[in-house]
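Chains as they are written, first to last, in our numbering: chain B, 104 to 379; chain D, 7 to 371.
A short write-up of the structure that comes next.
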Ligand SMILES: Nc1ncnc2c1ncn2[C@@H]1O[C@H](COP(=O)(O)OP(=O)(O)OP(=O)(O)O)[C@@H](O)[C@H]1O
Ligand SMILES: [Mg+2]
């Protein structure tokens, strides 16, 4: 039965003659106010279900926090959105028209989904500005890169981002010499240079001081509206300080969704966090 | 600390400025001291010394080529000697054809070693090498294309680190074995030698020696400037990014394999040019130049001089080779031990090489 299905899919007319396949609109269409649709997604690793019939919708310009115990599948969910992991079943759409499951990692990145990993990776020997310069949306082939000069416009853009992430004073500093928190901001700045529509931020405040956390909260809040931002975080105080909508993941699916207060008073959530 | 992003314009660092000034002074002075100062004067520079210096300069260019890929791109090539040797062979083939009927066998159509092997016809791949322009083209193309194909195969399959270094060793070793074979048509283990003249100039004359020395100095300066331009460009910063965080660089949209491929091929071309200038000065090219040990030695020069500075590579190549010439004269057996010991000492106490030491001194002063 399964082989027959595969055969049918493979022999579909639009699969055989790719000119019959509807052209994927690579322009992001957010006309319905939703930027990301994850529907009925499941992933299994060696028999272990990391994501289990997950449904998640993110609105345009929204700042969404995702919480959940260790191993709930938060990072795996981001892997799926960015094309790093392919789900076994389900659909993932970016706006109305872009099917994420058909695209490669770099394609997805260039369409405007930026991701910050748990561990900050900046280019240590380069200066803060140079890090931003490399991340900038530009023609990234070899020859144009060799000949590239910064235009006045691009300089302005770099200055804007430096201001947003609060690193103007450190512009000429070696990125390797930044503090842990500053590296995290620089990495967010590098994402911003690519003018993303959707930002995925995995555990941004781990290892930060309280002051740094406050500044990170300000930064993420200032990004919402212009971008959609999805933040995965364990620190409840931090989540409370930025979120208006929180999604709780548990064993690979959504357990609860709502404001921080609603979620915290939800008996199932209490059970998972306290009773589990 | 750089207060701004460097653009495509050529900006020289201090070490590079000093190096280029010293190179210019030497290039002007040495010919004068050789040609215009009488032989019995203590200031006279012998032709032997001129040629020795010219040879060192070609080594320096080779070291710059290795520093470009190792220091800035993180590819530890242990096979750059192969590109050097291929450039050398291309030049050697031209010089062989220039001998004409002045060989021992007096055969106007075939080099001596082919007559000796009882060959009656020039192999197809020797055609064209009687033309200088064609040979010059091959000096650039053969190492360049080989590096390109090699890089295309290895970088695309994401071979990196030690594995890549080992494959580069295998490359030069395989070439050495191939060139040792008489049937290959490159003179077997004797290689190519007994050269007479280049572009009509007698290779034994002082003037030609001086000319080759100046050509080597110009090639070194040009190669240095080209590499400096590259590492100062945005592409240079991408190279450093690849060196330190390859997958991150790929993730922000750069075609890592392409960047590696072009820079590696460019570096091989520089090595080839160095080899082509080396051969007429030493008067011979044989398969020994492909020896894996040679390629490792180049890396040691760069490590001792200081990685990722370019001028450090020059410094390392000159110092080590001077030391080699000196020591092999005094105590021939000690050289390899001295080199190994020096390498260990530098890695332990001067991870930035001599250039790093100079920079620290400069910053402290
Ligand atoms: N590539 C993989 N192969 C096998 N198992 C995996 C893989 N990736 C994730 N998992 C498993 O899937 C589960 C979900 O992992 P995930 O990293 O998404 O959790 P998380 O919610 O991000 O947890 P944390 O809060 O600790 O970061 C874990 O049990 C993990 O061990
Ligand atoms: Mg995680």
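Beta carbons: idealized from backbone N, C-alpha and C, even for Gly.
Alpha helix (DSSP H) runs wholly inside the segment 162-245 of chain D, at least 4 long, in chain order: As far as the segment 162-245 of chain D is concerned, its whole alpha helix (DSSP H) runs of at least 4 residues are 167-186 and 212-238.
Beta carbon of residue 186 of chain B nearer than 7 Å to that of residue 297 of chain B: Stepping through the first chain from its first residue, residue 186 of chain B is reached at position 83. Stepping through the first chain from its first residue, residue 297 of chain B is reached at position 194. Contact flag unset, no.
Interface flag, residue 233 of chain B vs chain D, CB-CB below 7 Å: Translated into positions along the first chain, residue 233 of chain B becomes position 130. Yes, contact with chain D.
Cα-Cα separation, residue 393 of chain D to residue 210 of chain D: Since the first and last residues shown for chain D are 7 and 371, residue 393 of chain D lies out of range.
Residue burial classification, residue 167 of chain D (beta-carbon count within 10 angstroms, cutoff 16): Taking the first residue of the second chain as position 1, residue 167 of chain D is located at position 161. Taking all protein chains shown into account, residue 167 of chain D has fewer than 16 neighbouring C-beta atoms within 10 Å of its C-beta and is therefore exposed.
Other residues of its chain near residue 350 of chain D: CB distance less than 6 Å, five sequence neighbours each side excluded: Locating residue 350 of chain D in the second chain gives position 344, counting from the first residue. Excluding sequence neighbours, residue 350 of chain D sits near nothing in its chain.
Residues of the segment 350-368 of chain D whose Cβ lies closer than 7 Å to any Cβ of chain B, in chain order: Residues of the segment 350-368 of chain D with a C-beta atom less than 7 Å from some C-beta of chain B do not occur.
Residue 334 of chain B - partner residues in DSSP beta bridges: The residue labelled residue 334 of chain B in the question sits at position 231 within the first chain. According to DSSP, which records beta bridges pairwise, residue 334 of chain B is partnered with B:168 and B:304.
Chain D contact residues for residue 254 of chain B, given Cβ-Cβ distances below 7 Å: Residue 254 of chain B sits at position 151 when you count from the first residue of the first chain. Residue 254 of chain B does not reach chain D, its nearest Cβ partner there being about 10 Å away, counting only Cβ pairs nearer than 7 Å.
Cβ of residue 23 of chain D within 7 Å of any chain B Cβ: Your numbering for residue 23 of chain D matches position 17 in the second chain. Output row for residue 23 of chain D: interface = no.
For residue 249 of chain D and residue 142 of chain B, the rounded distance between their alpha carbons: Start at 1 with the first residue of the first chain, and residue 142 of chain B comes out as number 39. Start at 1 with the first residue of the second chain, and residue 249 of chain D comes out as number 243. It is roughly 39 Å from the alpha-carbon of residue 142 of chain B to the alpha-carbon of residue 249 of chain D.
Three CB pairs or more closer than 8 Å across the segment 60-69 of chain D and the segment 257-274 of chain D: No: the two stretches stay apart, fewer than three of their Cβ pairs being nearer than 8 Å.
Sheet register partners of residue 203 of chain B (DSSP bridge): As a position in the first chain, residue 203 of chain B is number 100, starting the count at 1. DSSP output for residue 203 of chain B lists no bridge partner at all.
Rounded separation between residue 41 of chain D and residue 170 of chain D - CA only: Numbered from 1 along the second chain, position 35 holds the residue referred to as residue 41 of chain D. Numbered from 1 along the second chain, position 164 holds the residue referred to as residue 170 of chain D. Residue 41 of chain D and residue 170 of chain D have their C-alpha atoms some 47 Å from each other.
Three-state secondary structure (DSSP) of residue 330 of chain D: Counting from 1 along the second chain, the entry for residue 330 of chain D is found at position 324. In this structure, residue 330 of chain D counts as helix in the three-state DSSP scheme.
With 16 other Cβ atoms within 10 Å as the buried cut-off, status of residue 110 of chain D: Residue 110 of chain D sits at position 104 when you count from the first residue of the second chain. With fewer than 16 other Cβ atoms within 10 Å, it is exposed.
Check: residue 176 of chain B C-beta below 6 Å from any heavy atom of ligand 1: By 1-based counting over the first chain, the position of residue 176 of chain B is 73. Between ligand 1 and the CB of residue 176 of chain B, the shortest heavy atom gap is smaller than 6 Å.
Residues of the segment 210-222 of chain B with Cβ closer than 7 Å to any Cβ of chain D, in chain order: From the segment 210-222 of chain B, only 212 and 213 have a Cβ closer than 7 Å to chain D.
6 Å CB neighbourhood of residue 65 of chain D in its chain, flanking five on each side removed: In the second chain, the residue the question calls residue 65 of chain D occupies position 59. Excluding sequence neighbours, residue 65 of chain D sits near 323 and 327.
Unbroken beta strand (DSSP E) run spanning residue 315 of chain D, endpoints: Numbered from 1 along the second chain, position 309 holds the residue referred to as residue 315 of chain D. Counting along the chain, residue 315 of chain D falls outside any beta strand (DSSP E), and DSSP gives it neither H nor E.
Proximity below 7 Å, CB of residue 164 of chain B to CB of residue 331 of chain B: Numbered from 1 along the first chain, position 61 holds the residue referred to as residue 164 of chain B. Numbered from 1 along the first chain, position 228 holds the residue referred to as residue 331 of chain B. Yes.
C-alpha distance - residue 90 of chain D paired with residue 149 of chain D, whole-angstrom precision: As a first step, residue 90 of chain D must be located in the second chain, where it is residue number 84. As a first step, residue 149 of chain D must be located in the second chain, where it is residue number 143. Those two C-alpha atoms are separated by around 8 Å.
Top-ranked residue by Cα proximity to residue 285 of chain D, from D:58, D:182 and D:241: As a working mapping, residue 285 of chain D is identified with position 279 in the second chain. When each option's Cα is compared against that of residue 285 of chain D, the closest is D:58.
Interface residues of chain D facing residue 332 of chain B [CB-CB closer than 7 Å]: Within the first chain, the letter at position 229 stands for residue 332 of chain B. Going along chain D, no residue has its Cβ under 7 Å from residue 332 of chain B, so there is no contact; the nearest lies around 19 Å.
Contact set between residue 229 of chain B and chain D, taken where Cβ atoms lie within less than 8 Å: What you label residue 229 of chain B is simply residue 126 of the first chain in a count that begins at 1. Here the neighbours are 243, 246 and 247.
Residues that residue 259 of chain D contacts on chain B, provided the C-beta gap is smaller than 7 Å: Locating residue 259 of chain D in the second chain gives position 253, where the first residue counts as 1. Within 7 Å of the CB of residue 259 of chain D, the CB atoms of chain B belong to 209, 212, 213 and 243, in sequence order along the chain.
Residue 294 of chain D beta carbon less than 7 Å from that of residue 198 of chain D: Here residue 198 of chain D refers to the residue found at position 192 when the second chain is read from its first residue. Here residue 294 of chain D refers to the residue found at position 288 when the second chain is read from its first residue. No, the pair does not count as a contact, with Cβ atoms beyond the cut-off.
Cross-strand partners of residue 90 of chain D (DSSP beta bridge): Position 84 of the second chain, counted from the start, is the residue given in the question as residue 90 of chain D. Paired residue(s): none; residue 90 of chain D is not in a bridge.
Given residue 84 of chain D as reference, the closest of D:240, D:246, D:155 and D:303 once Cα atoms are compared: Position 78 of the second chain, counting from 1, holds the residue named residue 84 of chain D. Between residue 84 of chain D and the set D:240, D:246, D:155 and D:303, the nearest pair of CA atoms involves D:303.
Inter-stretch contact (C-beta, 8 Å, three-pair minimum) for the segment 249-266 of chain B and the segment 205-222 of chain B: Here the segment 249-266 of chain B makes no contact with the segment 205-222 of chain B; the two share fewer than three CB pairs at distances below 8 Å.
Nearest residue (CA-CA) to residue 171 of chain B, options B:318, B:306 and B:286: Taking the first chain and counting its residues from 1, one reaches residue 171 of chain B at position 68. Cα-wise, what sits closest to residue 171 of chain B is B:306.
Extent of the continuous alpha helix (DSSP H) to which residue 218 of chain B belongs: Along the first chain, read from residue 1 onward, the residue named residue 218 of chain B stands at position 115. Unbroken run through residue 218 of chain B is the beta strand (DSSP E), 216-219; no alpha helix (DSSP H).
Residue 315 of chain D: CB within 6 Å of a non-hydrogen atom of ligand 1: Working through the second chain from its first residue, we reach residue 315 of chain D at position 309. Annotation for residue 315 of chain D indicates a beta carbon at 6 Å or more from all heavy atoms of ligand 1.
Proximal residues of chain B, C-beta to C-beta of residue 264 of chain D below 9 Å: Residue 264 of chain D sits at position 258 when you count from the first residue of the second chain. Residues of chain B passing the Cβ test: 244 and 245.
Chain D within 7 Å of residue 249 of chain B, Cβ atoms only: As a working note, residue 249 of chain B is residue 146 in the first chain. Cβ-Cβ to chain D under 7 Å: yes for residue 249 of chain B.
Whole-Å CB distance - residue 94 of chain D paired with residue 219 of chain D, under 8 Å assumed: On the second chain, residue 94 of chain D is found 88 positions in, with the first residue counted as 1. On the second chain, residue 219 of chain D is found 213 positions in, with the first residue counted as 1. In this structure, residue 94 of chain D and residue 219 of chain D do not form a Cβ contact; the two beta carbons are roughly 17 Å apart against a cut-off of 8 Å.
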